[in-house]
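Take a look at the structure below.
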Amino acid sequence: MRVLIKDIKNKEGESVELKGWVDVRRDHGKLIFIDLRDRSGVCQVIFLPSSAAYEAAKELRSEWVVRLNGKVNRRPKGMENPKIESGEFEVAVDELTVLSRAEEIPFDPASDISLETFLDWQPFALRTEKNRNIFKIQAEIVRAFRDFLISKDFTEVQVPKIVAQATEGGANVFKIDYFENKAYLAQSPQFYKQIMVGVFERVFTIGNAYRAEEHSTTRHLNEYTSMDLEFGFINDHTDVMALENELLVYVFNHLSKNCAKEFEFFGVELPKIPEAIPSLKLKDAQKILKEKYGLDLLNEPDLDPQGERLICQYAKENFDSDFIFITHYPTEKRPFYTFPDPTNPDFTRSFDLLFKGIEITTGGQRIHDYQMLVDNIKKWKINPAHFDFYLQAFKYGMPPEGGLAIGLERITQKLLNLDNIREVTLFPRDMNRIDILLSTLKNG
RNA sequence: GCGGGUGUAGCUUAGCGGUCUAAAGCACUGCCCUGUCACGGCAGGGAUCGCCGGUUCAAAUCCGGUCACCCGCGCCA
3 MRVLIKDIKN
13 KEGESVELKG
23 WVDVRRDHGK
33 LIFIDLRDRS
43 GVCQVIFLPS
53 SAAYEAAKEL
63 RSEWVVRLNG
73 KVNRRPKGME
83 NPKIESGEFE
93 VAVDELTVLS
103 RAEEIPFDPA
113 SDISLETFLD
123 WQPFALRTEK
133 NRNIFKIQAE
143 IVRAFRDFLI
153 SKDFTEVQVP
163 KIVAQATEGG
173 ANVFKIDYFE
183 NKAYLAQSPQ
193 FYKQIMVGVF
203 ERVFTIGNAY
213 RAEEHSTTRH
223 LNEYTSMDLE
233 FGFINDHTDV
243 MALENELLVY
253 VFNHLSKNCA
263 KEFEFFGVEL
273 PKIPEAIPSL
283 KLKDAQKILK
293 EKYGLDLLNE
303 PDLDPQGERL
313 ICQYAKENFD
323 SDFIFITHYP
333 TEKRPFYTFP
343 DPTNPDFTRS
353 FDLLFKGIEI
363 TTGGQRIHDY
373 QMLVDNIKKW
383 KINPAHFDFY
393 LQAFKYGMPP
403 EGGLAIGLER
413 ITQKLLNLDN
423 IREVTLFPRD
433 MNRIDILLST
443 LKNG
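Reminder that position 58 of the first sequence reads as 60 in this note's numbering, one-by-one numbering, no gaps.
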């Protein structure tokens with residue numbers, strides 16, 4: 003029976019079978035050490051000249067996959083390795099089977115590589131400790147998001163990614179051939195999650211969203227993971243903000259419990275998240291930027307990247323918060339379904355959440371009144387006939403509702419203080435690359 | 001799309017007009033090593049310095065073009 007590496011500490015003196023990858027080899031001639039890696043951790047195994055496996059062990063190289071049998075021994079005094087969980091023990095191997103050989107590895111997994119090399123070699127590069135940690139943390143973010151919402155009586159739904167209409171305007175969409183017709187890749191699950199509020203009252207969905215924007219930045223992807231939620235019977239957008247606040251507190255608590263080792267690896271602390279994340283109206287944020295930092299965006303409908311960075315700095319200095327809500331974006335800047343502020347309809351009951359200088363969430367209250375939606379669609383000069391399907395949900399009774407979306411890769415990136423969003427994306431799609439460089443297809 | 005930057009062994013980098021017949025660490029090959037843990041020691045293989053052209057007695061090094069990638073901006077999660 004196979005034993006996992008993390009469990010060998012309970013098997014002292016016993017003969018165990020281990021399976022895994024050769025992490026590194028240290029050949030001392032008469033004495034060969036291998037660091038063996040499996041899904042649970044790393045341990046040292048030792049081959050002595052007296053072992054039947056000794057000759058075969060001379061052949062071993064990095065990333066070979068092996069099965070071995072040996073006895074778990076406590077390491078000699080002074081030979082413990084405090085850096086690894088199994089460091090007080092080692093396995094003296096007497097039987098070795100090579101399950102798979104590996105070619106010479108293309109780079110040193112313990113050293114830094116360039117982003118380009120990482121992307122070129124992702125199927126192998128993801129095996130490094132750094133990358134296992136990144137994607138373990140990301141998986142736990144998703145899990146915490148899901149667990150929290152389920153505990154709040156939300157229902158998870160799956161929604162299509164092929165859509166008939168270029169829904170939201172603004173961002174560009176990918177056109178695809180759909181039999182005899184054109185179709186598009188969804189920019190967001192927006193319409194479907196709203197429709198599902200009429201069914202379940204509270205829903206969430208985690209899935210890919212597509213943006214055909216020709217940009218090359220450290221925070222954009224053409225395919226990203228959107229964590230969306232939407233729920234009914236709200237009073238206004240502040241209910242959505244309050245839920246997100248509670249959600250994030252839950253997520254970070256979960257991470258501190260389940261990913262302490264991984265965060266330690268990156269040398270980062272989890273951000274402090276206030277019980278009430280500070281909030282500014284866009285206009286007020288713009289005034290602060292002008293007065294405090296001399297950045298004049300007063301006539302802009304939004305903050306620019308520098309404005310986002312500065313207002314986050316302001317939040318850190320004045321509220322000791324890595325997070326800040328910006329609310330009340332101009333009506334003209336937001337999609338047609340955004341709920342206007344009754345006290346000043348030029349602005350909306352909408353918000354962005356900024357975290358360490360970038361936007362990680364957009365959300366708000368939506369228009370739930372059928373006639374108001376239809377009027378708005380006309381005002382936005384879109385053909386309401388294209389939205390008949392969506393509008394059914396509102397025609398037949400929709401409670402006041404709202405929701406939000408969190409960019410999974412962005413929150414992961416900022417949490418770990420990593421430079422480029424592609425470092426936290428499995429197989430990122432950007433202008434130049436779909437796994438392989440598109441330029442190599444052009445030329446080859 | 002616009003602006004800036006970078007391209008030197010498999011990887012990470014040094015060299016930035018002559019001393020370069022291109023250097024180092026890791027990886028790879030061979031030999032040595034019974035306590036290493038990114039083991040160590042000795043030896044070796046591996047690069048027409050992204051590509052094309054120009055300036056010069058002389059170009060990895062300067063200039064122009066080109067290709068590729070990276071960063072910033074618009075836009076956005």
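Each residue gets a CB set at the ideal place from its N, CA and C atoms; glycine is no exception.
To the nearest angstrom, how far is it from the Cα of residue i to the Cα of residue j?
{"i": "F327", "j": "E403", "result": "19 Å"}
{"i": "S352", "j": "R103", "result": "56 Å"}
{"i": "F349", "j": "E266", "result": "43 Å"}
{"i": "D179", "j": "D37", "result": "50 Å"}
{"i": "L284", "j": "P125", "result": "43 Å"}
{"i": "E203", "j": "T427", "result": "32 Å"}
{"i": "M229", "j": "K177", "result": "23 Å"}
{"i": "L117", "j": "V24", "result": "25 Å"}
{"i": "V199", "j": "I143", "result": "24 Å"}
{"i": "K397", "j": "Y339", "result": "14 Å"}
{"i": "N301", "j": "K289", "result": "11 Å"}
{"i": "D354", "j": "I369", "result": "18 Å"}
{"i": "R41", "j": "L6", "result": "8 Å"}
{"i": "L449", "j": "A244", "result": "Here the chain comprises residues numbered 3 to 446, so residue 449 is not present and cannot be evaluated."}
{"i": "Y252", "j": "K73", "result": "43 Å"}
{"i": "A146", "j": "E361", "result": "20 Å"}
{"i": "E216", "j": "L249", "result": "33 Å"}
{"i": "F321", "j": "E310", "result": "16 Å"}
{"i": "G209", "j": "A188", "result": "10 Å"}
{"i": "Q1", "j": "P111", "result": "Since the first residue shown for the chain is 3 and the last is 446, residue 1 is missing from the structure and cannot be characterised."}
{"i": "N434", "j": "N224", "result": "10 Å"}
Going by DSSP in three states, residue i sits in which element: helix, strand or coil?
{"i": "M400", "result": "coil"}
{"i": "L98", "result": "strand"}
{"i": "M198", "result": "helix"}
{"i": "G309", "result": "helix"}
{"i": "S153", "result": "helix"}
{"i": "F321", "result": "helix"}
{"i": "F126", "result": "helix"}
{"i": "K8", "result": "helix"}
{"i": "P315", "result": "Looking at the sequence itself, residue 315 is Gln, so the reference to Pro does not match. Helix."}
{"i": "I279", "result": "coil"}
{"i": "V426", "result": "helix"}
{"i": "S17", "result": "strand"}
{"i": "R204", "result": "strand"}
{"i": "A112", "result": "coil"}
{"i": "E87", "result": "coil"}
{"i": "E158", "result": "strand"}
{"i": "T442", "result": "helix"}
{"i": "K79", "result": "coil"}
{"i": "N135", "result": "helix"}
{"i": "A214", "result": "coil"}
{"i": "Q394", "result": "helix"}
Would you give the residue range spanned by the beta strand (DSSP E) that residue i belongs to?
{"i": "I362", "result": "360-368"}
{"i": "E225", "result": "225-234"}
{"i": "L284", "result": "Premise fails: L284 lies in the alpha helix (DSSP H), 284-295, not in any beta strand (DSSP E)."}
{"i": "R39", "result": "34-40"}
{"i": "R336", "result": "R336 -> no beta strand (DSSP E), and no H or E assigned at all."}
{"i": "R76", "result": "67-76"}
{"i": "K274", "result": "First-last for K274: undefined, no H or E at that position."}
Assuming residue i contacts residue j under a Cβ cut-off of 8 Å, what Cβ separation, rounded to an integer in Å, is found between them?
{"i": "V93", "j": "L20", "result": "6 Å"}
{"i": "G234", "j": "P401", "result": "4 Å"}
{"i": "I408", "j": "T363", "result": "5 Å"}
{"i": "A214", "j": "V242", "result": "28 Å between Cβ atoms; not a contact."}
{"i": "I323", "j": "P280", "result": "For the sequence presented, residue 323 should be read as Ser rather than Ile. About 6 Å separates the two Cβ atoms, so the contact holds."}
{"i": "L62", "j": "Y56", "result": "Wrong, their Cβ atoms sit about 11 Å apart, outside the cutoff."}
{"i": "Q46", "j": "D238", "result": "That belief does not hold up - the Cβ atoms of Q46 and D238 are roughly 59 Å apart, past 8 Å."}
Which stretch, first to last residue, makes up the alpha helix (DSSP H) that contains residue i?
{"i": "Q373", "result": "372-381"}
{"i": "Y252", "result": "239-260"}
{"i": "Y186", "result": "Unbroken run through Y186 is the beta strand (DSSP E), 183-187; no alpha helix (DSSP H)."}
{"i": "R221", "result": "Here R221 belongs to no alpha helix (DSSP H), and DSSP marks it neither H nor E."}
{"i": "A58", "result": "56-59"}
{"i": "T414", "result": "410-417"}
Answer with buried or exposed for residue i, where buried requires no fewer than 16 other C-beta atoms within 10 angstroms of its C-beta.
{"i": "M81", "result": "exposed"}
{"i": "K383", "result": "exposed"}
{"i": "G405", "result": "buried"}
{"i": "T414", "result": "buried"}
{"i": "P344", "result": "exposed"}
{"i": "E293", "result": "exposed"}
{"i": "E16", "result": "exposed"}
{"i": "F181", "result": "exposed"}
{"i": "H330", "result": "buried"}
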